[in-house]
Structures are given as structure tokens and as C-alpha cells.
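Sequence lines, in order, name chains A and B. Take 50 as the starting number for the first sequence in the working numbering and just add one per residue. Take 3 as the starting number for the second sequence in the working numbering and just add one per residue. Quick reminder that beta carbons are idealized off the backbone N, C-alpha and C, glycines included. As the structure is a prediction and not an experimental result, all values here were calculated from the model. Worksheet: one structure, shown below.
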Amino acid sequence: MMRAFELTKTTVTYQGSDFPALNDVSIGADEGEIVLLLGSNNAGKSTFCRLLNGLVPKSTPAQIDGKVEVLGRDANRTSVARLATMVGMVFQEPENQLFCMSVEEEVAFGPENVAIPRAEIIARVEWALEAVGLTGYNARSPSNLSGGEKQRLAIAAALSMRPRLLVLDEPAYALDPTGRVDLYALLRDLRERYGMTILIAERDAEEMAELCDRMILLRNGRVVADGAPNAVLSGIDEVVAAGVSPPQIAHLSSLLADRFPGKTRPFFTTDDAEKEIADLVRATGSDAP
Amino acid sequence: MNVSIAAQSPPIISLQNARFSYEGGVEALRGVSLNVARGENVAIVGGNGSGKTTLAKHLNGLLKPSSGKVLIGGEETSTTSVATLARTVGYVFQNPDYQLFCTSVSEEVRFGPKNMGFGHDDESALAERALKLMGISHLREQSPVSLSLGDRRKVAIASVLATSPRVLVLDEPTTGLDSVESAQLMATLGVLRSEGMTIVLITHDMRLVAQHMDRVIVMSEGRIAFDAGVEEAFSDPDRLKRCKLLAPPITVLAQRLQAQGLLTEGATTPLQLVEQLVRVRGEQQ
């Protein structure tokens with residue numbers, strides 16, 4: 050299987066900065082994985098995302114040491130236009146990337162820019178709108194959409210380039226709680242239907258364990274944990290130290306293990322928490338010294 | 003309404019069947035009535051497009067109702083200038099960059115009281131107190147644009163506090179902050195509250211609401227869907243979902259454990275829940 054991306058001993062230092070934004074990072078992902086990049090402000094998440102589509106260093110100048118490979122190509126030796134057909138980017142605030150008069154124009158903008166034939170563009174627009182649940186919105190004005198719809202449109206605009214890797218930098222930023230749930234269902238659906246690789250940068254780990262296959266924890270530009278969600282969330286102290294909000298249930302599991310050593314098994318869902326705590330309370334009589 | 007209580011302390015904020023339409027015809031408020039008493043700690047929540055920001059902007063006269071009434075400190079906003087209303091209500095925008103424009107933090111924080119005609123000495127005292135409350139006295143000489151988002155937001159709040167309002171309205175103040183910055187901010191709001199400040203918080207983060215607020219006003223389609231104490235507000239998952247909201251996981255878990263008789267009270271943080279379990283086990287043994 051091809052690797053979706055691979056960073057090898059990668060260090061990124063922005064022009065005019067004394068400290069690296071990413072520091073000796075070696076990490077990658079297989080195609081089809083959903084990977085969560087967790088970290089506080091200034092941990093290096095946005096730099097990581099922008100390396101993959103060439104915005105760093107091509108738009109924001111930086112010294113890059115080590116290697117950045119995207120779908121088997123050296124990102125440094127690949128044009129931004131070519132990378133744009135491979136990597137779709139969705140930013141925090143959809144409004145910052147929407148600028149056309151209609152939904153259809155917005156979604157057609159990317160493929161038009163790389164001179165894709167008209168008939169193919171029309172087919173892609175329909176496909177992308179269908180994938181995000183905005184079929185029939187073609188003529189609507191983006192500025193009249195709700196926050197959640199704008200975020201879906203920004204994703205459709207990225208999808209119309211048919212990227213194999215979709216990178217989302219804090220995509221839930223402006224969404225209401227059920228809007229977030231819908232977004233995560235959409236991302237899982239994109240992976241199931243198209244085998245797309247998805248990288249999401251977040252500072253809040255709540256709700257994320259069910260979404261992703263892997264969590265990478267960044268702190269001060271370095272990778273401090275990498276693994277299955279439950280493995281990373283078992284080291285809750287490290288998550289908290291990295292300035293990331295831990296999921297409440299995983300946090301509870303860790304606090305209970307500290308307070309009642311050996312009395313509970315680790316849990317990550319509300320259902321499991323309920324069972325473990327019921328057992329703990331009911332077992333009190335029998336395990337009393 | 004209980005007349006004697008209402009007479010004792012008139013609400014600092016009162017909306018009476020307020021309606022508001024944006025130009026172009028979208029009706030964002032469809033008849034909202036509510037009272038906020040002095041010292042209350044209120045969250046306004048709701049889905050995208052529910053009208054919560056429109057409602058918040060009525061609380062300091064930034065927007066005036068198309069019909070109905072909004073009274074702030076007893077004054078009708080439609081006939082009172084925003085400058086006068088600002089003496090009662092301080093409004094902190096979601097994006098701090100909308101309100102920061104001076105070359106130094108200290109100038110920024112002094113701007114409000116200076117503009118309101120406080121004397122020089124009062125102005126300095128108010129600014130210093132606001133800087134200290136927000137824990138940013140050391141940033142006094144810095145330029146706001148050189149600061150991180152978290153620090154810029156603290157400056158924005160400090161410059162509103164320096165005008166010594168009686169009510170602080172904050173629109174999504176933790177957006178863009180990481181967990182440490184967000185916890186610091188909520189702790190500061192706790193201090194202000196203990197000093198008697200009325201706080202109105204607009205947020206999408208139900209964990210903050212559960213942990214820090216007393217009362218929740220839930221907006222849906224331009225109306226108040228329900229207005230309740232925080233525990234009751236999170237007690238009906240279906241009602242929340244209809245308003246595009248979800249209760250925080252610990253709140254839900256604590257409710258389920260209570261229903262099983264395993265806990266006697268609710269909990270809003272993992273630590274609170276553990277402390278209750280420690281007590282329960284202690285009592286059983």
C-alpha cells in the first residue's frame with residue numbers, strides 16, 4: 050500500500066524565527082487512514098498541514114530540513130498546482146476560503162484552474178456536492194448558507210480536485226455540537242466510499258476517539274505520542290501537558306485508576322464507564338479490608 | 003412574576019417580546035422575552051443560525067429591536083445611545099481584532115475609560131486593575147498585534163473591564179484558545195462573578211456551560227426554546243438535540259449513574275465525579 054504522506058527527520062524553521070515550528074519529526078500515514086493531529090496553539094499543527102500541500106515553504110518561506118513525501122512524491126520538488134490535485138485543504142473558517150457568487154462556481158473553481166474539460170468539471174461538481182449532502186444547492190449564494198453548510202461547501206470545493214489526501218485544520222471551529230457530529234460522519238463516509246486519507250488538526254480531543262484510527266500528539270513542534278486513540282488517551286497526563294483538552298470520559302478513566310488502583314479497567318465510552326463504575330460501587334462491600 | 007421580588011431588584015436586562023429582522027428580511031429574533039437579574043451567570047446557547055449572536059447584540063444596543071422592548075439598567079435601548087449603554091454593559095467580540103487598534107496594550111486598555119470621560123487618575127486606576135485581573139500587567143508596553151490570540155483576547159476583555167461595566171457579555175470567548183488558556187479565562191470570569199459582575203456567555207462549548215454557568219437560555223429559530231437552570235437544561239437529550247445541542251459526556255454519565263441510584267448528585271467534571279465516588283465508597287464501607 051502506498052503511504053499517503055511521510056515526513057522523515059523533518060525540521061521547519063520560518064524565515065525570521067529562531068525556533069523550529071516542527072522539530073525533527075519522522076511520521077507518516079497509510080492511504081485510507083483517518084489521522085488526528087493533536088496539539089495546543091503553536092504546537093506545529095498548521096505547519097504540518099501546510100507542508101503537505103506546499104503552502105509551506107512556497108507561500109510562507111521557511112527553511113526545511115529532512116524530507117516531506119506526499120503520495121510517493123517529494124513535496125519540495127512538486128509544483129503547488131500538482132500538489133493541489135493530490136491534497137485538498139480545508140481551513141478553520143470556511144468563510145476565509147469561499148469567495149464565489151454561487152455554490153456551483155465555488156466547487157468548480159479548483160478544477161477550472163487546472164484546465165479540466167467542462168464536461169468533467171460538471172460531473173465533478175455534482176459528485177462533490179452529493180458527497181457532502183449539498184445536492185441541488187448549485188445556484189445558492191455561499192454567503193446565505195448556514196455555518197455547517199459553509200463548512201460542507203468548503204469540503205466540496207476541496208473534493209472537486211479529487212484529492213487522495215484531505216487535510217482539515219480545525220474544521221469544527223465554527224460548528225454547533227450536532228454540526229460537528231454530522232461533519233465527522235461525512236469524513237468517515239468519504240473514507241469508506243472513496244478510500245480517502247484524512248488528516249485532521251485539532252486542539253480538543255473530545256469526540257475524536259470514535260472518528261480517527263490514529264492520534265498523533267504534537268508538543269512544541271515534536272511528536273510526543275503516536276498510536277491508536279485509546280493507547281494515546283491512556284497517557285492522559287501527556288495529553289493534558291500538551292495543552293490538549295482530553296475527552297472527559299478518558300480523563301475520568303485515568304483519574305479513577307489513580308484513585309482506586311486495580312479496581313477499574315480503562316474505559317473510553319460512556320457505556321463502558323457506566324458499567325465499570327457500577328461494578329466499582331457494587332463491589333465495595335466485598336473488597337473492603 | 004413575584005411582584006415583591008421584582009420591585010426589590012429590577013432586572014438589569016429585560017427583553018419584552020423583542021423582534022428583529024436583518025435587512026433583506028431574515029427574521030432573526032421572533033419575539034424574545036427574558037429578564038436577567040443582577041449578578042446572574044447566564045449562558046446563551048443554540049445551533050448555528052439560532053439567533054444567539056443577534057440576541058447578544060441587543061444586550062448592549064449594538065442592534066435595536068424592530069418591535070418590542072429591550073431595557074438595559076432600566077433604559078430602553080432604542081432611545082439610549084450606545085455610549086450610555088456601554089456604562090452598564092461591556093461587550094467582548096468573538097474576534098478580538100475587531101476591537102483592538104492602539105499601539106500598546108496600556109493605551110488600548112485606557113481608551114475606554116478615557117473616552118467615557120473618567121478623570122486621568124481614575125482612568126489609570128481602572129486600566130491597572132483590569133490589566134491585573136486579566137493577568138497581563140507585564141504586557142503593558144507591548145503592541146497588541148504582536149501578541150498571541152489568547153493574549154489578544156485577554157487585552158480585549160481588559161479594555162472592556164476598564165470601563166467598569168455591571169454586565170459583561172462575551173461572544174465565544176474561548177474559541178481559538180487551547181485548554182490551558184481557556185481554563186485561565188474561565189477562572190478569571192469566576193473572580194469577576196464573585197465580585198458581583200453579571201455575566202452573559204455565548205458559547206458552543208457545553209462543557210464550559212455545565213462547569214461554569216448557572217442558567218442556560220437555549221435559542222432555536224429566533225425564539226427561546228427553553229430557559230432553565232444548568233442541571234435541568236442538560237437533563238433532556240432529545241430536547242437538546244432538537245436545538246442542535248448535546249450534553250457533555252460527564253454530565254450524561256452522572257445522570258445515568260444517578261438514575262441507577264449509584265450517585266446522589268450530578269457532576270460536571272471528571273474530578274467531581276471521582277470525588278463523589280470516593281464519598282459513596284467511604285459511606286458504604
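Beta-carbon proximity list for residue i, same chain, < 7 Å, skipping 5 on both sides
i	result
residue 232 of chain A	200, 220, 221, 224
residue 145 of chain B	105, 106
residue 136 of chain A	101, 102, 119, 212, 214, 216
residue 170 of chain A	157, 160, 161
residue 318 of chain A	298
residue 309 of chain A	329
residue 280 of chain A	none
Simplified DSSP assignment, three categories, for residue i
i	result
residue 227 of chain B	strand
residue 283 of chain A	helix
residue 162 of chain A	helix
residue 135 of chain A	helix
residue 71 of chain B	strand
residue 96 of chain B	coil
residue 66 of chain A	coil
residue 36 of chain B	strand
residue 18 of chain B	strand
residue 267 of chain B	coil
residue 275 of chain B	helix
7 Å Cβ cut-off: residues of chain B touching residue i
i	result
residue 57 of chain A	The contacting residues do not exist; residue 57 of chain A stays about 28 Å from chain B at best.
residue 281 of chain A	Result: empty, since nearest Cβ-Cβ is about 16 Å, beyond 7 Å.
residue 195 of chain A	50, 51
Backbone CA spacing between residue i and residue j [nearest angstrom]
i	j	result
residue 226 of chain B	residue 33 of chain B	9 Å
residue 67 of chain B	residue 105 of chain A	47 Å
residue 90 of chain A	residue 273 of chain B	25 Å
residue 161 of chain A	residue 234 of chain A	29 Å
residue 113 of chain A	residue 63 of chain A	9 Å
residue 294 of chain A	residue 143 of chain A	23 Å
residue 143 of chain B	residue 153 of chain B	13 Å
residue 254 of chain B	residue 300 of chain A	15 Å
residue 140 of chain B	residue 133 of chain B	9 Å
residue 301 of chain B	residue 179 of chain B	Given a span of 3 to 287 for chain B in the structure shown, any question on residue 301 of chain B remains unanswerable.
residue 215 of chain B	residue 45 of chain B	6 Å
residue 326 of chain A	residue 241 of chain B	27 Å
residue 224 of chain B	residue 260 of chain A	32 Å
residue 57 of chain B	residue 66 of chain A	43 Å
residue 70 of chain B	residue 82 of chain B	15 Å
residue 116 of chain B	residue 122 of chain B	7 Å
residue 191 of chain B	residue 201 of chain B	8 Å
residue 65 of chain B	residue 59 of chain B	6 Å
residue 237 of chain B	residue 257 of chain B	8 Å
residue 222 of chain B	residue 245 of chain B	6 Å
residue 302 of chain A	residue 283 of chain A	8 Å
residue 173 of chain A	residue 182 of chain A	14 Å
Chain-order list of residues whose beta-carbon lies under 8 Å from that of residue i (same chain, five-residue window excluded)
i	result
residue 247 of chain B	47, 48, 49, 208, 220
residue 273 of chain A	266, 267, 287, 291
residue 260 of chain B	266, 267, 268
residue 189 of chain A	151, 152
residue 241 of chain A	none
Contacts that residue i makes with chain B (C-beta to C-beta distance below 9 Å)
i	result
residue 46 of chain A	Here chain A comprises residues numbered 50 to 338, so residue 46 of chain A is not present and cannot be evaluated.
residue 323 of chain A	255, 258, 259, 262, 264
residue 266 of chain A	Those do not exist, as residue 266 of chain A stays about 13 Å from chain B at its closest Cβ, beyond 9 Å.
residue 293 of chain A	180, 181
residue 139 of chain A	Within 9 Å Cβ-Cβ: nothing; residue 139 of chain A doesn't reach chain B, min ~17 Å.
Listed by chain order, chain B residues near residue i by CB distance under 8 Å
i	result
residue 228 of chain A	49, 50, 246
residue 301 of chain A	252, 255, 272, 275, 276
residue 274 of chain A	What residue 274 of chain A touches in chain B: nothing, since even the nearest Cβ is about 16 Å away.
residue 23 of chain A	This structure gives no information on residue 23 of chain A, because the portion of chain A shown stretches from 50 to 338.
Chain-ordered neighbours of residue i on chain A, where CB pairs are closer than 7 Å
i	result
residue 250 of chain B	297
residue 32 of chain B	What residue 32 of chain B touches in chain A: nothing, since even the nearest Cβ is about 17 Å away.
residue 225 of chain B	Those within 7 Å of residue 225 of chain B in chain A number zero; the least Cβ separation is about 16 Å.
residue 168 of chain B	Per Cβ cutoff of 7 Å: no residues; residue 168 of chain B is ~30 Å from chain A at best.
Under 8 Å by beta carbon: chain A residues contacting residue i
i	result
residue 206 of chain B	224, 225, 226
residue 280 of chain B	308
Same chain only: Cβ atoms within 6 Å of residue i, ignoring 5 sequence neighbours per side
i	result
residue 270 of chain A	69, 70, 71, 72, 93
residue 129 of chain B	111, 112, 164
residue 109 of chain A	none
residue 53 of chain A	78, 80, 214, 246
Worksheet entry | Members of the stretch 43-73 of chain B near chain A, C-beta cut-off 9 Å | 47, 48, 49, 50, 51, 52
Worksheet item: Relative to chain A, which residues along the stretch 252-266 of chain B have a C-beta separation below 7 Å, given in chain order?
Response: 252, 254, 255, 258, 259, 262, 264
Worksheet item: the stretch 81-94 of chain A: which residues have C-beta closer than 7 Å to a C-beta of chain B, in chain order?
Response: 89, 90
Worksheet entry | Residues in the stretch 230-259 of chain A having any Cβ partner in chain B nearer than 7 Å | 252
Worksheet entry | Residues, ordered as in the chain, of the stretch 139-164 of chain B that lie near chain A by beta-carbon distance below 9 Å | 150, 151, 152
Discussion item. To be precise: take each residue of the stretch 307-322 of chain A, compare its Cβ to all Cβ atoms of chain B, and keep it if any distance is under 7 Å. Which residues remain?
Written reply: 308, 319, 322
Item to complete: Would you list, in chain order, the members of the stretch 233-245 of chain B that have their beta-carbon closer than 7 Å to a beta-carbon of chain A?
Response: 243
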